[in-house]
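In this note's numbering, the protein residues as written are 12 to 268. Even for Gly, the Cβ is constructed at its ideal location relative to N, Cα and C.
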Amino acid sequence: MKEDILTKIPDMDYTEEAPVIDANEFDKVIRSRRSVRVYTNDSVPQEVMETALEHATLAPNSSNLQPWRFVWIKSEEAKKKVVEACLNQAAARTASELVVILARTKAWPSVKEKMINVLTKSEAPRGALSYYRKIVPLAYDQGFLNIKGFLKKIAILFIGFKKPVPRGPASYSDMRVWAHKSAALACENMMLSFRAQGFDTCPMEGFDEKRIKAVLGSKIMEGGSEVCMVLSVGKRADNGIYGPQIRMDKEDFISII
Ligand SMILES: Cc1cc2nc3c(=O)[nH]c(=O)nc-3n(C[C@H](O)[C@H](O)[C@H](O)COP(=O)(O)O)c2cc1C
């Protein structure tokens with residue numbers, strides 16, 4: 012096998028112990044996370060919000076380019092507008108807190124520079140630096156009017172006849188999918204974090220994105236931001252969950268080949 016930046020195992024003197032986790036407690040977190048549509052008037056402590064927001068930033072993400080932003084809507088005026096933009100749905104209206112999760116489709120060049128800075132200071136293996144200097148622009152820069160993406164698509168088609176090759180992202184719509192994947196993983200981190208801290212959430216995509224963007228303003232929305240989800244947070248009310256969790260047979264969704 013020819014060694015390259017992806018296949019070579021770097022020479023590194025670094026280990027990280029995996030702590031022992033109580034699997035039953037984790038199972039409880041997963042199973043008790045439900046989409047809550049009605050919350051009590053209990054407030055969510057600042058530390059709980061901060062922990063969940065930090066947990067969001069710890070989610071795995073593509074090339075560690077962190078294509079997201081988490082906007083905690085604290086101002087009462089902004090909250091009113093976001094609730095309205097969420098179509099006044101009970102899950103938003105009765106929530107103590109709201110967080111808007113953005114997927115940033117065009118912010119990767121600045122994060123890439125930051126990564127290069129961090130890696131340079133930490134004497135990271137040369138492969139990591141060249142990944143950010145060479146491969147990242149090649150993979151994520153689609154060029155003006157998607158021209159680079161289009162040329163990449165043609166090149167990929169021919170290279171792909173001979174060997175496995177990543178087929179994308181090779182267009183702006185691929186970049187949207189790219190950013191939303193990572194942002195959605197961060198949303199899940201946040202939901203599990205709130206649950207583990209004794210609070211509840213509801214992820215929402217039932218909103219008017221244009222209105223939410225107007226509330227957040229152009230500075231927060233820079234970097235080609237799109238609204239991935241709005242997350243409502245609070246303590247579940249007795250009537251907050253609309254019935255037992257419904258899932259189809261596992262066989263419908265799990266395949267083993
Ligand atoms: C991307 C996404 C968008 C959603 N949008 C809404 C929404 O706008 N309003 C709502 O009440 N629930 C929304 N939900 C919650 C789903 O309806 C809910 O997850 C599903 O019914 C399963 O229920 P459970 O979360 O309690 O397991 C959304 C969930 C996801 C993942």
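- Query: Between which two residues does the beta strand (DSSP E) harbouring D211 extend?
  - Reply: Note, D211: beta strand (DSSP E), D211 to M215.
- Query: Counting Cβ pairs closer than 8 angstroms, one from the segment 34-48 and one from the segment 80-88, do we hit at least three?
  - Reply: The segment 34-48 makes no contact with the segment 80-88: fewer than 3 CB pairs, one atom from each, lie closer than 8 angstroms.
- Figure out for me which residue from K174, L156, S121 and D185 has the closest Cα to the Cα of A150. Out of K174, L156, S121 and D185, D185 has the C-alpha closest to the C-alpha of A150.
- Query: Using a Cβ-Cβ cut-off of 8 angstroms (strictly less than) and excluding sequence neighbours within five positions of M215, which residues of its own chain qualify?
  - Reply: Excluding residues up to 5 positions away in sequence, C97, Q100, A102, A103, M240, V241, L242 and S243 lie with their Cβ nearer than 8 angstroms to the Cβ of M215 in the same chain.
- Message: Per DSSP, what are the beta-bridge partners of S46 in this structure?
- Response: Answer is T212, bridged to S46.
- Collapsed DSSP secondary structure at R80 in the structure displayed: R80 falls in the strand class under three-state DSSP.
- Message: Give me, in chain order, the residues of the same chain whose beta-carbon lies closer than 8 angstroms to that of E11; leave out the 5 immediate sequence neighbours on both sides.
- Response: Any question about residue 11 goes unanswered here, given that the chain covers just 12 to 268.
- Query: Alpha carbon to alpha carbon, what distance is there between R178 and N157?
  - Reply: Their Cα atoms are separated by approximately 15 angstroms.
- Query: What are the start and end residues of the alpha helix (DSSP H) that includes I112?
  - Reply: Careful: I112 lies outside any alpha helix (DSSP H), inside the beta strand (DSSP E) at E108 to R115.
- What are the partner residues of L242, as DSSP defines its beta bridges? L242 pairs with V110 and P214.
- Query: Quick one: Cα of S229 to Cα of E237, how far?
  - Reply: Each residue's Cα considered, the two are about 12 angstroms apart.
- Using the rule of at least 16 other Cβ atoms within 10 Å of the residue's Cβ for burial, across every protein chain shown, is A118 buried or exposed? Its Cβ being crowded by 16 or more others within 10 Å, A118 is buried.
- Query: Exposed or buried, which one is N128 when buried takes at least 16 other CB atoms within 10 Å?
  - Reply: Around the Cβ of N128, a 10 Å sphere holds fewer than 16 other Cβ atoms; the residue is exposed.
- DSSP three-state call for R258: helix, strand or coil? DSSP places R258 outside both helix and strand once states are collapsed to three, so it counts as coil.
- Item | C-alpha gap between V40 and P175, whole angstroms | About 39 angstroms.
- Distance, Cα to Cα, A181 vs R115? The alpha-carbon atoms of A181 and R115 are separated by roughly 16 angstroms.
- Distance cut-off 7 angstroms: E95 Cβ against heavy atoms of ligand 1: If you check the C-beta of E95 against ligand 1, you find no heavy atom less than 7 angstroms away.
- For S193, which of helix, strand or coil comes out of DSSP? Helix, per DSSP.
- Item | For M202, the nearest candidate out of T68, D24, P136 and F169 (CA to CA) | It is T68.
- Taking V111 as the reference, give the member of C213, E262, R247 and R144 with the closest Cα. Of the candidates C213, E262, R247 and R144, the one whose C-alpha sits nearest the C-alpha of V111 is C213.
- From I170, G235 and T105, pick the residue whose C-alpha is nearest to that of D249; which is it? With distances taken between Cα atoms, D249 lies closest to T105.
- Element boundaries [alpha helix (DSSP H), containing E58]: Secondary structure note for E58: its alpha helix (DSSP H) is the uninterrupted segment Q57 to T68.
- Task: Assuming T51 and G245 form a contact by the criterion Cβ under 8 angstroms, report the distance between their Cβ atoms to the nearest whole angstrom.
- Result: Contact holds; Cβ gap of about 7 angstroms.
- Message: Can you give me the C-alpha to C-alpha distance between V226 and H191, rounded to a whole angstrom?
- Response: The C-alpha of H191 is placed about 20 angstroms away from the C-alpha of V226.
- Continuous alpha helix (DSSP H) stretch holding N169: start and end: For the sequence presented, residue 169 should be read as Phe rather than Asn. I158 to K173 is the span of the alpha helix (DSSP H), which, as asked, contains F169.
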